[in-house]
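So the sequence lines, in the order shown, correspond to chains Z and P.
Okay, so the first sequence: first residue is 4 according to our numbering, each after it adds one.
Okay, so the second sequence: first residue is 118 according to our numbering, each after it adds one.
Presented below is the structure to which this report refers.
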Amino acid sequence: MAGSLTDAAYLSFDKCAVLQTAATLSTHFAAFIAAVQPVFSDAVDKDRPVGNWLVPMYALSQQNDQFSLDFFGDCVQFLYRICYAGATQFNLGNITSGQATALLAAWNAHIGP
Amino acid sequence: MSYPQPLSTTPILQGQTFWRLFTPLAGPGDIYESVVSGLGFAMGPNSDLSEVLVTYLDADQPTGVNSSIISPTRNFVGRVDARNDTTYPSSKRLGRILFSPNEIFDPLYTPQGFTGGDVKQLITPIIDVIQYFTSAPSVVPQRSDREFQFQYFEAPAPAASTFLLIPAYGRKSGFFSFVNQDNTNNVTVTINGVQLSPSGSPGVIGAYEQSLFTAVILNSAGSANFVFNSSNNTADKGGIWDYFCIEFGNYAGNAMPTSITLSDAE
């Protein structure tokens, strides 16, 4: 469990490694994306600096090589970046505390339980 | 200002033939968008980052998404449409063109040997990307040299160190010069190369740091120069680094004229 979005960003590597070993990384990664999807609206300008990460993340979740080292590395990087994006945009006042909390909750539920 | 990000439509209204995304990063998670189609993408002259990921809608791909990395040695020439009329599959986001760093930036990185009384000063990297609305040049020159000039740094606790972190992404050579104008304190200058990592707690976990030069003690009015070359493999002094970490040991807050020039040329 991570206490903050920056903690979640840095913990993504370790947590993904556990999921990759259990061969469940792709499932958890897809569930994370599905949980975050409704939190950041594409129609709201200030939501997009976080929500836009869902585009490459979704594409990654659809790839066939879901047990490769490349897939693992990309998952880690995207999780690091979207968590940091959430922290940065919250600090800038562009997203609400509810959105930041929901992003962290999604990470804790699907990546770092 | 990173956010709100520069509007890609403004240059169109002004009759410009390009849009320039030129801003310091707000954080490692920055992602920017263009709602305008382009005929080419290239790194701008003042970018600290050396790799930027361009993501766009591509119906030929099974996922509907394609991406390309642009760098100082490789631009991307060809028409890419911002599809504001349709969405990326499943992510339900309009088909804007997206730009994001392809290199790791960690604003909380703690240098090797950093202790309680030490001070860290980090230069945030700049992202500079050009989107062309007319035929883009097929050959893009390397980035401009990046020059840093400093006189003073934040003073650490007595006998402690100030760490200066400057972005080095993809830079192949560098010239560092230091002058100690402190009349009483000797200052020890150390230059390390840093490879950042997204892993671990804030700190050096997962990251890699290596000394590039033998540390030099600068007495009063003493000066030193260092020349870095990425292809120098003598005693592991070369390499491509994310950051250069310069430690000023025993720095007491007095004038320390420092000049650093980083280049893409070897």
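Beta carbons: idealized from backbone N, C-alpha and C, even for Gly.
Predicted, not measured: the structure shown is a model, and the values here were computed from it.
Within chain P, no C-beta atom comes nearer than 7 angstroms to that of W110/Z; the closest sits roughly 13 angstroms away. Using a CB distance cut-off of 9 angstroms, T241/P does not count as an interface residue toward chain Z. Taking 9 angstroms as the cut-off, the beta carbon of I85/Z is found closer than this to the beta carbon of L57/Z. Residue environment for E364/P: buried (at least 16 other C-beta atoms within 10 angstroms of its C-beta).
Against chain Z, the CB of L211/P has a partner CB under 9 angstroms away; the residue lies at that interface. Just so you know, the alpha carbons of F216/P and G356/P end up roughly 26 angstroms apart. The beta carbon of I148/P falls within 9 angstroms of a beta carbon belonging to chain Z, placing the residue at that interface.
When DSSP states are grouped into helix, strand and coil, I36/Z belongs to the helix group.
Annotation for T307/P: A332 and E364 place their beta carbon closer than 6 angstroms to its own, counting only its chain and skipping 5 residues before and after.
The alpha-carbon of S154/P is positioned some 9 angstroms away from that of Y249/P.
Judged by their CB atoms, F293/P and F345/P are nearer to each other than the 9 angstroms cut-off. Taking all protein chains in view, the Cβ of L130/P is surrounded by fewer than 16 other Cβ atoms within 10 Å, so the residue is classified as exposed. Listed along chain Z, the residues sitting closer than 9 angstroms to Y120/P by beta-carbon distance are K49, P52, T91, Q92, L95 and N97. The alpha-carbon of A26/Z is positioned some 18 angstroms away from that of Y61/Z.
Of all residues in the region 190-214 of chain P, the ones placed with a Cβ closer than 8 angstroms to any Cβ belonging to chain Z are T204, Y205, P206, S207, S208, K209, R210, L211 and R213, in chain order. S100/Z is outside the set of residues whose beta carbon lies under 9 angstroms from a beta carbon in chain P.
In the DSSP assignment, V182/P falls within the unbroken beta strand (DSSP E) covering V182 to I187. With respect to the C-alpha of G339/P, the residue from G132/P, G181/P, N302/P and S119/P having the closest C-alpha is N302/P. Between the region 65-81 of chain Z and the region 100-107 of chain Z, the count of Cβ pairs shorter than 8 angstroms is below three; the stretches do not touch. The alpha carbon of Y87/Z has as its nearest neighbour, out of S316/P, A324/P, L282/P and T375/P, the alpha carbon of S316/P. Chain Z places a beta carbon closer than 9 angstroms to that of A143/P, counting this residue as a contact. Annotation: Cβ neighbours of G323/P in chain Z (cutoff 9 angstroms, chain order): Y13 and F16.
Under the DSSP assignment, P52/Z falls in the alpha helix (DSSP H) whose first and last residues are R51 to G54. The CB of I85/Z comes closer than 7 angstroms to the CB of G146 in chain P, given here in chain order. Under the DSSP definition of a beta bridge, W136/P partners with Q248/P. Nearest CB-CB separation between Q259/P and chain Z: not below the 9 angstroms threshold. For L138/P against V246/P, the beta-carbon gap comes to about 4 angstroms, under 8 angstroms, which counts as contact. Residues of chain P with a Cβ closer than 7 angstroms to the Cβ of D45/Z are, in chain order, K209, R210 and L211.
Judged by DSSP in its simplified three-state form, L82/Z adopts helix.
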